[in-house]
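Written below as structure tokens is the structure these notes are about.
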Amino acid sequence: MPTRQKFLKKRSIKSGMPPGSLVHIGEERAEAAQISIIAYDATALEEQSLPKIGKHLPSCINPTGVTWINVEGVHDVEIVRALGEHFSFHPLVMEDIVNTVQRPKIEDYGEYLFIVMRMLRPQHEADFSSEQLSMIVGPNYLLTFQEGIKGDVFDAVRERIRTSKGKIRALGTDYLCYSLIDAIVDSYFSVLEELGEHIVDVEEELTLTPGRETLHRISYLKKEIIFLRRAVWPLREAISFLERGDSHLLSDATRVYYRDIYDHTVQVMDTVETYRDLLAGMLDLYLSSVSNRMNEIMKFLTVVGMIFLPLTFLVGVYGMNFKNMPELEWHYGYYALWAVMIVLSLGMVAFFRKKKWL
Amino acid sequence: MPTRQKFLKKRSIKSGMPPGSLVHIGEERAEAAQISIIAYDATALEEQSLPKIGKHLPSCINPTGVTWINVEGVHDVEIVRALGEHFSFHPLVMEDIVNTVQRPKIEDYGEYLFIVMRMLRPQHEADFSSEQLSMIVGPNYLLTFQEGIKGDVFDAVRERIRTSKGKIRALGTDYLCYSLIDAIVDSYFSVLEELGEHIVDVEEELTLTPGRETLHRISYLKKEIIFLRRAVWPLREAISFLERGDSHLLSDATRVYYRDIYDHTVQVMDTVETYRDLLAGMLDLYLSSVSNRMNEIMKFLTVVGMIFLPLTFLVGVYGMNFKNMPELEWHYGYYALWAVMIVLSLGMVAFFRKKKWL
Amino acid sequence: MPTRQKFLKKRSIKSGMPPGSLVHIGEERAEAAQISIIAYDATALEEQSLPKIGKHLPSCINPTGVTWINVEGVHDVEIVRALGEHFSFHPLVMEDIVNTVQRPKIEDYGEYLFIVMRMLRPQHEADFSSEQLSMIVGPNYLLTFQEGIKGDVFDAVRERIRTSKGKIRALGTDYLCYSLIDAIVDSYFSVLEELGEHIVDVEEELTLTPGRETLHRISYLKKEIIFLRRAVWPLREAISFLERGDSHLLSDATRVYYRDIYDHTVQVMDTVETYRDLLAGMLDLYLSSVSNRMNEIMKFLTVVGMIFLPLTFLVGVYGMNFKNMPELEWHYGYYALWAVMIVLSLGMVAFFRKKKWL
Amino acid sequence: MPTRQKFLKKRSIKSGMPPGSLVHIGEERAEAAQISIIAYDATALEEQSLPKIGKHLPSCINPTGVTWINVEGVHDVEIVRALGEHFSFHPLVMEDIVNTVQRPKIEDYGEYLFIVMRMLRPQHEADFSSEQLSMIVGPNYLLTFQEGIKGDVFDAVRERIRTSKGKIRALGTDYLCYSLIDAIVDSYFSVLEELGEHIVDVEEELTLTPGRETLHRISYLKKEIIFLRRAVWPLREAISFLERGDSHLLSDATRVYYRDIYDHTVQVMDTVETYRDLLAGMLDLYLSSVSNRMNEIMKFLTVVGMIFLPLTFLVGVYGMNFKNMPELEWHYGYYALWAVMIVLSLGMVAFFRKKKWL
Amino acid sequence: MPTRQKFLKKRSIKSGMPPGSLVHIGEERAEAAQISIIAYDATALEEQSLPKIGKHLPSCINPTGVTWINVEGVHDVEIVRALGEHFSFHPLVMEDIVNTVQRPKIEDYGEYLFIVMRMLRPQHEADFSSEQLSMIVGPNYLLTFQEGIKGDVFDAVRERIRTSKGKIRALGTDYLCYSLIDAIVDSYFSVLEELGEHIVDVEEELTLTPGRETLHRISYLKKEIIFLRRAVWPLREAISFLERGDSHLLSDATRVYYRDIYDHTVQVMDTVETYRDLLAGMLDLYLSSVSNRMNEIMKFLTVVGMIFLPLTFLVGVYGMNFKNMPELEWHYGYYALWAVMIVLSLGMVAFFRKKKWL
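Protein chains in written order, with the numbering used here: chain A, 1469 to 1826; chain B, 1469 to 1826; chain C, 1469 to 1826; chain D, 1469 to 1826; chain E, 1469 to 1826.
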């Protein structure tokens, strides 16, 4: 929860600044940012990793191939600014990159596309972290800006570029863009599977040993679903833009791939909705079960209590001190009373059994 | 539930692979896959059944007629790959066929249509299995890929082809495609009727002998409805594409048939929604009934208990050991007290009756 | 409910048949079907009633006027087949006529329109029966197929044709079609008024004497509303097609009439929704009332029980057999204890009154 | 409620009549209808009031100005018929005027517009009456038909016409129509404010002295909101037609005014929705409060009862008649027992306090 | 709440007035209104502050630059009238400015745009005030009318104009308009953060020490969300108009900025919806927790009470006065009974423990 708390609070510090002000909004980090550059075409590949932006940036841009610049840690505002100025990006784009509380979206700036997504990472106990990934797709360059520096889900893509596996080296930035988005959407399934595992666990717990913590787990998972929907829902609309292929940066050949991720996104949403419905049903079931169980206990106890009421009354009667109480004098009075009480108890048990109250 | 559990978990093993990687995602099976081929035109019919794809595949494709290739068991990835390469299908199509967690959908690849549906099969106790059926409709061929190998709902269609019943032999792949989809949608009605039967059962149980298991049955049926909606809902959109007939593979003559299945799909959805509403009403009714019944019992017991309270108090009074208690000395004291207690009890019963508490 | 049960179950017997198979799906009936024909134009009128279709059917079709053929009882599949072949209707149309579980819909077949509606009939206790009415509207003929044979709501229309009241004799099949649909939609208001009456009854019952059967009545009415919505909701869309007048069979002059029935349909839906909202509110109110009333009783009883607790304790104290208990020896001990107990009881009553618990 | 009851029941008496039949459907009234005519242009004004339609109607129509004919009491079907025939209105229009259960709507008949609205009037105790107002807007005439005869909300408009205040005398029927609709929509705010006042009252009652009648008041207000939505919701769509100005009867100059009423209608809907949300929240709060309060009482009583249980047991022990009970013989036994009981009680009170149960 | 109460009640006082009547509707204020004027272009800047509108207004309008006239306090209707007449605004615009219960909206009057928004201001305890801000954007002037006079959120914009920071001095009224709307939408985040803080607080309270006031706090926050949605929801639609840039007053260069605020507005709505979902979950959790806790206590008490029932019965038995009760004569009878009672109690405790009732 502490993360959420922070997440719900940061934005207003920028109130009153002119648009395009580069102020980092997000979790504070002490670690240094990292820049890595991969430039490739069908035949050649060059890789660099550097902590700061110096003068040699232009040299690595391959005019006929693709240059992918990946920045880990947007809290280092200077790197973002340097890159922004080098490529002449719009100030609002730069602002959105460092302001890491954006919703997923896509914006078409003519010469380049600006895409914002959320990179989800499963954490202990059904929790997941949500970091912003901003992407700028130009004709021969692609920039990715990651909020965090704890690694990403792109290693497989890098490997494919390096080993020239698949068509990735032969195609342009739009295919690279697809590969990266695909990697992110694929990683959503891990989060979903983690969540699904917990939901199935809680469901079993619900059947076998429902307790107070079951309620809290259901409630916790429902909250996770709320946050997950928020991260994923707007993505569908954004990817539908890519699928339509309205921008000249998107070749027709990759449209079918974007349709594929669109499909995956819809599947993610579908699963999220199913989880939500399942959790709602589980909450109902939990509440009814608990109430049923409670009722059963109370009924049992009340019924048992009921059996003792007339017995206690009877022994009270023969504890009275009236001078003239013939039964007390009778030699078998005590035994007779026990007989009466036993018959009475059995009769009541039979009656309650018949009524299905016991 | 174990199936569901698996169903919720498989997808991520493919993370990081390039698009078009043929990895089977779904239930593991030990049985061998089966291929069956039916090639026909208005006058001729040829049938073959083979366990592997060899060289003689091309020969059976009838350029003027229709060739229907049915694959049972997509876990044998090699068969899918061989067919895919033979017909030059897009890698993403091949990938979706072996990845059996797709949503129902239709995709137009120009030269062929790719259709994914769910084949539902009623199982014991209102449960149903859900297997993926992928279909590729080309100008003179139609391929169906079934996830499972336990038989399908197409026997009636095969019989019609063999006996040349109806117009099926005279028409092209679009009519065959219609016949197959129709068979699947028809089979949904069996699942619905099975479910409906259970719902009516549970409703009767609810009226006659509601118990804890009633709650679990309602809850179970609600869960079934959630999964059923998920399998059926996207189908409507897909079939609406076929009804519109935007592809050149669909002749105008079959449009009216597609409108018919569209209608059926809407009816399926309608019934699913009605079931959902009925189950929601049943849950409400169950909870209110149980709570009502519980309340009645508690009220009865409390009211009866209330009658004994003053009586027990009274016998307590005359069990006291005060030296000077005139009533105790009175010869008829004991009988008088009984009279008082009987009158008091009857008065209380009358009072509670009047108040409608008893 | 038995009807519903059947209604939820029939469809699958047709699985595997080719499209256009004429198999009656619906309630079984022993009675013979009836055919009645009315042929008219502005000046002439001819009426016939016959139990079977023979050869003289063509002769009665009036090429310049309107021929209305009404079939009561579609379980006689042969009649439907004969008419279908005579007019060359599409096999799917014939199939939908005898398969009486269709949703309301309209289909434009170019030369004729095919309309399916539900004919509702109030029955005892807020229940209503729902029978399928299929209608085929051609340039100079109109066919109606009724599921049942217990009479219909068209008598007023027939009377208007016979007496040439209104414009009906002067206008074509589209106006006749309007008149028939209007009669059906008008009859929905009877069902609604019947339901409304019951809802108002239950509401009064809820205020005056809520009991267990109140809950069941509300629940029953809610179920009726679910089925009513299902019969009426799709009609709106169908009639909106007629209002738009896209078919050449619909003259501009009748469009304003179709707008009128569209209006009525919307009113029907509106009323159904209002009923649903009212019933939802009534269920909430019932549950809260019952729970409130229960709570009041339990509180009363518990509070009264509370008064006896210290009294019973006190008389217990003086029932002890200690050798040395000075109070027991005191001559006024017994009376003093009574005084104490009375004061204590009154004090507790006052306390509970003040707390508003009594 | 009696009004509602009637309102829910009238419609079916017209079943089977041909379209355009003039049968009054609505509350029966004994009072005579009233006709009032105002004819004006920028310079002249003529006013008449008459109980019946005679021959002089045409003379008062001002071909260059505006003639507003207002009929109060549509139960006098003859007046409606006479006017309808004079202006040659469509029979369906006439029918809708006397059938006072229409939804708000607008219909464009080319030469004139037909508008139906609901005139709401606050009544005692948050109730409101809902009467139908039909309006026909022609090129130089405007007819209004009011269901009731208890006065209307148009006095201010009449006054403006008489005193030539604002632009009303200079503009045509579309501006008059606007002024009348505006007056009606403005009157909705009175109803809303009345309702709002009651909602705020009930909210205060809920905080200070919630009781059974609070529940009934909330439930009553919810029902009012259901009826209010039904009267207002369809109006938005109708006024949006006027705002779009598709008819030649609407000049461009008045479009901005219609946008203004559209705005007001949206505000009305907005407020209705807010009320609905507030009432839903209040119902939740009421139920939780009542249940909380009940629980507190029951807990208190049970805890107190718990203290007496061991005490009563103890005094029971020393009321036994065993021969050999050393404590009874001890001189200070009685006092010692009191000491034990007091310590025990205090201990239990402390324990329950610590557990926050007391 | 008192503010809300007023807010729900004012509107009807204007019923019957002609359109364009300038009557202030809103909170009454004693303070004088204030007018401040800033006229600037890229090179020059002039500022004035005046309490009344005199003759020198025209002189300050800079035909080539931008003149921003800000009015604080629209209760001074004369100022609004003077400005309206000077610029020839439509009477309905003037009316909406002084009638401070408008929904957010945008209206295009050709020569100028009229925009209404709500200025939210956090107040003590999660409350916020909501004041109307009306804005009129012309080709070279921009007027803002604030309902209140307690300062605004525009100081940062003023500072940017004065210091010529950013592009604001170089661009026209559309950019100024953007800057002002941006400042308002930014201020919504403060309100949201304030609310979020309270929601997190209440959530912690819910986990640690849930009590009656928790319920009231949740209910209060839900009410705040209802009002917040009402203020923000319509804004999205209005800003989407600006983003589309349909008016000639909006240059293409600023469209990207409007897209930015559109984004922010969607984020605001998103957060509001998330809050709503969280609060709904919290209410559920609260109710279940309270009910769970209550049940635990009642169960504990009932179970403990159950242990004393047989014990009290037993001591009652040996308190009876039968002549012939052998146990009483037995020398160890008393001790034996104690032994029996202790064993019985322990047995019951063990039984209840096993059943998980204790």
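Note that beta-carbon positions come from the ideal geometry of N, C-alpha and C, so glycine has one too.
Given the structure is predicted, the values throughout are model-derived calculations rather than measurements.
- Interface criterion not met: the Cβ of R1744/A is under 7 Å from no Cβ in chain B.
- Taking 7 Å as the CB threshold, K1791/A stays off the interface with chain E.
- In summary, L1610/A is buried, with 16 or more beta-carbon neighbours lying within 10 Å of its beta-carbon over all protein chains present.
- Under the Cβ criterion (8 Å, minimum of three pairs), the region 1560-1569 of chain E counts as touching the region 1537-1550 of chain E.
- The distance from the Cβ of S1598/E to that of R1586/E is about 5 Å, consistent with a contact at the 8 Å cut-off.
- Taking CB atoms only, L1601/D has no neighbour in chain C less than 7 Å away.
- Here the alpha carbon of S1719/E sits roughly 11 Å from the alpha carbon of Y1646/E.
- Around V1758/E, the same chain offers P1678 as residues with beta carbons nearer than 7 Å, after the five sequence neighbours per side are excluded.
- Taking a 10 Å sphere around the C-beta of A1510/B, we find fewer than 16 other C-beta atoms and assign the residue as exposed.
- Only those residues of the region 1539-1572 of chain B whose C-beta falls short of 8 Å from the nearest C-beta of chain C would be listed, and there are none.
- Around the beta carbon of E1496/E, fewer than 16 other beta carbons lie within 10 angstroms, which makes this residue exposed.
- Take the alpha-carbon of L1769/E and the one of V1771/C: they are about 17 Å apart.
- DSSP lists no beta-bridge partner residue for E1495/B.
- By the C-beta density criterion, L1814/A is exposed, having fewer than 16 other C-beta atoms within 10 angstroms.
- Under the three-state reduction of DSSP output, W1536/E falls in the strand class.
- Per DSSP, the continuous beta strand (DSSP E) segment holding Y1609/B begins and ends at Y1609 to Q1614.
- When secondary structure is reduced to three states using DSSP, R1589/E falls in the strand class.
- Between the region 1543-1557 of chain A and the region 1668-1686 of chain A, the count of C-beta pairs closer than 8 Å stays below three; the two stretches do not touch.
- Around the beta carbon of W1806/A, fewer than 16 other beta carbons sit within 10 angstroms, so the residue counts as exposed.
- In terms of Cα proximity to V1785/E, the closest of G1494/A, P1778/A and A1699/A is P1778/A.
- Residues of chain B with a Cβ closer than 8 Å to the Cβ of H1799/C are, in chain order, K1791 and N1792.
- The three-state secondary structure of I1667/C, taken from DSSP, is helix.
- Counting along the chain, D1564/E sits inside the alpha helix (DSSP H) bounded by residues P1559 to V1566.
- Here the C-alpha atom of V1653/B lies approximately 28 Å from the C-alpha atom of M1750/B.
- Residue pairing of S1632/C in beta bridges, as defined by DSSP: absent, with no partner found.
- Listed along the chain, the chain C residues whose CB falls inside 8 Å of the CB of V1808/B amount to none; the nearest CB is some 15 Å away.
- Between the alpha carbons of V1736/A and F1657/A lies a gap of roughly 7 Å.
- Residues Y1577 of the same chain have their beta carbon placed closer than 7 Å to that of H1558/E, with the five preceding and five following residues left out of the count.
- For Y1754/C, the enclosing alpha helix (DSSP H) has its first and last residue at D1720 to V1785.
- Under a 10 Å Cβ-count criterion, S1756/D is classified as buried, with 16 or more other Cβ atoms of the shown protein chains found around its own Cβ.
- The beta carbon of W1701/C sits no closer than 7 Å to any beta carbon of chain D.
- Remark: fewer than three beta-carbon pairs, one from each stretch, lie closer than 8 Å, so the region 1695-1709 of chain C and the region 1623-1640 of chain C are not flagged as touching.
- The straight-line gap separating the alpha-carbon atoms of A1507/E and S1504/D is approximately 57 Å.
- At least 7 Å separates the CB of M1737/D from every CB of chain C.
- Contact check for V1700/E against S1655/E fails: the beta carbons are separated by 7 Å or more.
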